[in-house]
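K.L.:
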Amino acid sequence: MERSGSGISWTQSKTDDLDWKRISGSTPSALTGPSYDHTSGGGYYIYIEGNEGNEGDKAQLVSALCDKEGDRCLRFWYHMYGVARSMALNVYQLEILIEAVRGNDYRSDVAVDDISFHSGCCGGL
């Protein structure tokens, strides 16, 4: 998850239970997350660690307000391992919320990478 080029800015929610972490390489819990980022194999991605928090805790990534009209394309890569409870994508009128919900044990890692949001329709789907 490189810091630029997504077409929109993102922030961690201040009202959720867990924080997304930016990492390069494997997650601390062996064999529960990606071994490297999706883009180049040597960059970064964000994730929640399944051995932190409690079952049902949420981590939220919130977009800046999207005040543009017309067609838009949102793409992202994600990884969910084991008993990860859920991941949701909610698109509201003016913002996007990416939310991961912790499952019931340490194998609940969720990772996100390559988020892009651009004008126009998504091609090749």
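Terminal number for the sequence shown in full-length UniProt numbering: 125, no gaps in between. Ideal Cβ placement from N, Cα and C applies to all residues, glycine included.
Quick check on Ser35: buried or exposed, where buried means 16 or more other Cβ atoms within 10 Å of its Cβ?
P.N.:
Walking along the sequence shown from the start, residue 35 turns up at place 35. Ser35 should be labelled exposed.
K.L.:
Return yes when the Cβ of His118 is within less than 7 Å of the Cβ of Cys73, no when it is not.
P.N.:
Position 73 of the sequence shown, counted from the start, is the residue given in the question as residue 73. Position 118 of the sequence shown, counted from the start, is the residue given in the question as residue 118. It is a contact, given that the beta carbons lie within the stated cut-off.
K.L.:
Let me confirm a value: Glu55 is counted as buried when at least 16 other C-beta atoms fall within 10 Å, else exposed. Which label applies?
P.N.:
Against the sequence shown, residue 55 aligns to sequence position 55. Counting Cβ neighbours within 10 Å, Glu55 comes out exposed, since fewer than 16 surround it.
K.L.:
Within 10 angstroms of the Cβ of Ser26, are there 16 or more other Cβ atoms? Answer buried if so, exposed if not.
P.N.:
Counted from its first residue, the sequence shown places residue 26 at position 26. Flag for Ser26 reads exposed.
K.L.:
Which runs of the beta strand (DSSP E), 3 residues or longer, sit entirely within the UniProt domain "MAM" (1-92)?
P.N.:
10-12, 21-23, 45-48, 58-63, 72-80 and 86-91
K.L.:
Would you grab the beta carbon distance between Asp109 and Tyr47 for me? Rounded to a whole angstrom, and I think it's under 8 Å.
P.N.:
One-based indexing of the sequence shown puts residue 109 at position 109. One-based indexing of the sequence shown puts residue 47 at position 47. So it is a contact: roughly 6 Å between Cβ atoms.
K.L.:
How would you call Arg75, buried or exposed, if buried means at least 16 neighbouring beta carbons within 10 angstroms?
P.N.:
Here the question's residue 75 lines up with position 75 in the sequence shown. Label assigned to Arg75: exposed.
K.L.:
Using DSSP with H/G/I as helix, E/B as strand and the rest coil, what is Ser119?
P.N.:
The count along the sequence shown starts at 1 and reaches residue 119 at position 119. Note: Ser119 maps to strand in three-state DSSP.
K.L.:
What residue from Ile98, Ala111 and Pro28 has the CA that sits closest to Ser13's CA?
P.N.:
The residue given as residue 13 occupies position 13 in the sequence shown. The residue with the shortest Cα to Cα distance from Ser13 is Ile98.
K.L.:
Taking just the CA atoms, how far does Gly43 sit from Asn90?
P.N.:
Along the sequence shown, read from residue 1 onward, the residue named residue 90 stands at position 90. Along the sequence shown, read from residue 1 onward, the residue named residue 43 stands at position 43. Asn90 and Gly43: Cα-Cα distance of roughly 26 Å.
K.L.:
What does a CB cutoff of less than 6 Å around Thr11 pick up in its chain, not counting 5 residues either side in sequence?
P.N.:
Translated into positions along the sequence shown, residue 11 becomes position 11. So the list reads Val62, once near-sequence residues are dropped.
K.L.:
Go ahead and label Asp113 buried or exposed: buried means 16 or more other beta carbons lie within 10 angstroms of its beta carbon, across all protein chains shown.
P.N.:
By one-based count along the sequence shown, residue 113 stands at place 113. Buried, since its Cβ has 16 or more Cβ neighbours within 10 Å.
K.L.:
Where does Glu99 fall in DSSP's three states?
P.N.:
On the sequence shown, position 99 is the one that residue 99 refers to. Residue state, collapsed to three classes: strand.
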